[in-house]
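This note's numbering puts the first residue of the sequence shown at 60, with every later residue one more than the last. Below is one structure, written out as structure tokens, with a few remarks after it.
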Amino acid sequence: MKRNILCICMVLLLSGCESFLNKEPIDYPVEENFYSDVKGLEGALIGAYDELQSGDQYGAKFLTLMEMRGDNIFNNNSGASGGITYQIEAFTETPANTNLSGAWLSLYNSIYRCNLILQNMDNVKMTDDQRNKIAGQASFIRALSYFNIVRLWGKAPLITSVQTVEQARNNKRAEVSEIYDQIIKDLTVAKGLPTSWSDSERGRVTSYAAQALLAKVYLYNKRYNDVVSELTPLVDAIKKGTVLSLVPMPQTFPNNLKTSKDIIFAVLYLKGGVGESVHQNNRYRNNDNGNVISLEQSEFEAGDNRKAMVAPTGNGERPQKFNTPAENNETSGDFPVIRCAEVMLMYAEALNEISYPNSTAFDALNAVRANAGLAPKTVTNLTSKEAFRTAVYKERRLELALECDRWFDIVRTNQFSVLYNMIPAYRQLYPVPQTELENVNDPTGWQNEGYSI
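Written as structure tokens, this is what we have:
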């Protein structure tokens, strides 16, 4: 999404001593006049999309917090950047780690921008169609932000309106269940969005993206019937192939992410010196063993077209999956958040949890396997619910490798104690950043178990 410079006037009310500002620039629109018409709301909405691009989110830090933490990639450079990235790899991070404070602040910046939009919408005259589209997109981005927050930190402040500084300093952490309830409410609103946009607006959130993310939220909460209910129309759309479709990975990655029917929602980037790109180092470039792919090639079956996409890389190289051309170190490769292949795997997982054997679950799993060039699985191969579940988990690891899902899958599917049996269980959540504890009036109950204040 085109970065909207006007959004620099939005004053952050959360996090970090420099965030508590109340000065307003005199040469840019401010809150009092920025939301007076649809154009202003659209500009603010672009600012909300823009924050997803941030190096503190999908531009860089999420790749560390959500992938390097897992077993697909590791950091073997303990001296780089003062060791803050290596700490994530080694499970030695403290509340002072700036990977955490950067991501926290950026996520709440996204939420703040969405809250501004949703809070000011009622003051603007517009058609019902315009209102639904603006509200749906802002609600989706807020939901995605809270989904990432609750998976990274568990309990967290639940803020759905713009706050004063003093209100922010008195925030408490909401229960995980409360945060998920709000996520579900927001995604329900977002389901009212169009199923597709014109080419000039391609990349905006669709109803399909909202349904897919809502199903993923239900999957994390083991609401399997709801998962199936949300995904059934998407699976039908994928099979139809008009707007959505399974596409072999080498035809989507690395250069066709902007047009592939496999992409349901992605964070967009654009190179060319306009501030919309991502640095090539931030796509798993292996500089001095800082990004070493640890997903063994032996995990892939013979003929799997995904294998070469995540093969080990040499010094200065990126994995093929994100190896888009670079110009002055800028790349324009989008970062996928939701793909059709994941929809099919979620559908298969939920159906299997409801009942085994389930022919529709096998069909969904095998659709992904066929897309990868592999033979189907049958009840002869997968003889129980547990065997089917394990097969789905493995397909998720191979299909979604390097897409910021692996760490969460390890935690969600109870693999943590097996893969990291020497690591304390409390490390499944990150520590709340120290800057947040310093910014609230009463830090009691703010830090996650196991970490010191």
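All C-beta atoms in this analysis are idealised placements derived from N, C-alpha and C, irrespective of residue type, glycine included.
- Task: Note down the Cα distance separating V294 from S266, rounded to an integer number of angstroms.
- Result: 14 Å
- Task: Could you tell me whether the stretch 101 to 108 touches the stretch 448 to 460, using the rule of 3 or more Cβ pairs below 8 Å?
- Result: no
- Task: Return the CA-CA distance between D258 and G300, expressed in angstroms with no decimal places.
- Result: 17 Å
- Message: DSSP three-state label for A426, please.
- Response: helix
- Query: Just curious, the alpha helix (DSSP H) that R465 is in, first and last residue?
  - Reply: Counting along the chain, R465 sits inside the alpha helix (DSSP H) bounded by residues 465 to 471.
- From the DSSP output, in three-state form, read off P216 for me. Coil, per DSSP.
- Query: What are the uninterrupted segments assigned as alpha helix (DSSP H) that are 4 or more residues long and contained completely in the stretch 436 to 508, given in chain order?
  - Reply: 444 to 458, 465 to 471, 475 to 478, 493 to 498
- Task: Quick one: using the 10 Å Cβ neighbour count with 16 as the cut-off for buried, is T311 buried or exposed?
- Result: buried
- Message: Contact between the stretch 472 to 479 and the stretch 409 to 420 is defined here as three or more beta-carbon pairs at a separation below 8 Å; is this criterion met?
- Response: no
- Message: What does the alpha-carbon distance come out to for the pair F421 and A407?
- Response: 7 Å
- Any idea what DSSP makes of R398, helix, strand or coil? strand
- Task: Excluding the 5 residues preceding and the 5 following A460 in the sequence, name in chain order all residues of the same chain whose CB lies nearer than 7 Å to its CB.
- Result: N131, L354, V369
- Message: By the DSSP assignment, the alpha helix (DSSP H) with V306 in it spans what residues?
- Response: From DSSP, V306 is part of no alpha helix (DSSP H); its letter is neither H nor E.
- Message: Beta-carbon within less than 6 Å of R245's beta-carbon, same chain only, minus the 5 sequence neighbours each way: which residues are those?
- Response: The question names Arg, but residue 245 is Asp in the sequence shown. Same-chain partners within the cutoff: S198, R201, A202.
- Message: Using 8 Å for Cβ pairs, my map puts G114 next to N341. What's the rounded Cβ distance?
- Response: 7 Å
- Query: Are Y489 and W212 touching if we call contact CB-CB under 8 Å?
  - Reply: yes
- Message: Need the endpoints of the alpha helix (DSSP H) that S325 sits in, please.
- Response: Checking the displayed sequence, the identity of residue 325 turns out to be Ala instead of Ser. Where A325 is concerned, there is no enclosing alpha helix (DSSP H), although the beta strand (DSSP E) it sits in stretches over 322 to 326.
- Of the choices M127, G118, A367, S443, whose alpha-carbon is the least far from that of Q356? A367
- With 16 other Cβ atoms within 10 Å as the buried cut-off, status of N284: exposed
- Message: Measuring straight from C-alpha to C-alpha, what distance separates L441 and L122?
- Response: 33 Å
- Message: If I follow the unbroken alpha helix (DSSP H) through T123, where does it start and stop?
- Response: Per DSSP, T123 belongs to no alpha helix (DSSP H) and is neither H nor E.
- In the structure shown, what three-state DSSP assignment does S511 receive? DSSP, read as helix, strand or coil, puts S511 in coil.
- Message: For F467 and G251, I'd like the C-alpha separation in whole angstroms.
- Response: 28 Å
- Query: Under the rule that 16 or more other beta-carbon atoms within 10 Å means buried, what is R261, buried or exposed?
  - Reply: exposed
- Query: When DSSP labels each residue in this structure, what does T301 get in the three-state scheme?
  - Reply: coil
- Message: Classify F359: buried if its beta carbon has 16 or more other beta carbons within 10 angstroms, exposed otherwise.
- Response: buried
- Query: Looking at the unbroken alpha helix (DSSP H) that takes in E225, where does it start and where does it end?
  - Reply: 224 to 228
- Item | Three-state secondary structure assigned by DSSP to F359 | In the structure shown, F359 adopts coil according to DSSP, grouped into three states.
- Whose C-alpha, out of Y117, T153, G99, V97, is nearest the C-alpha of V326? It is Y117.
- Query: With distances taken between CB atoms, is the gap from N374 to N346 smaller than 8 Å?
  - Reply: yes
- Euclidean distance between Cα positions of M405 and E225: 42 Å
- Query: Residues in its own chain within less than 6 Å of A139 by CB, not counting five upstream and five downstream?
  - Reply: The answer, listed in chain order, is G349.
- Could you tell me the boundaries of the alpha helix (DSSP H) in which K281 lies? Counting along the chain, K281 falls outside any alpha helix (DSSP H), and DSSP gives it neither H nor E.
- Between V97 and the rest of its own chain, which residues show a CB-CB distance below 7 Å, the 5 nearest in sequence each way excluded? V183, M185, Q189
- On the three-state DSSP scale, how would you describe V248? helix
- Decide if the stretch 266 to 280 is in contact with the stretch 217 to 224; the criterion is three or more beta carbon pairs, one per stretch, under 8 Å apart. The stretch 266 to 280 is not in contact with the stretch 217 to 224.
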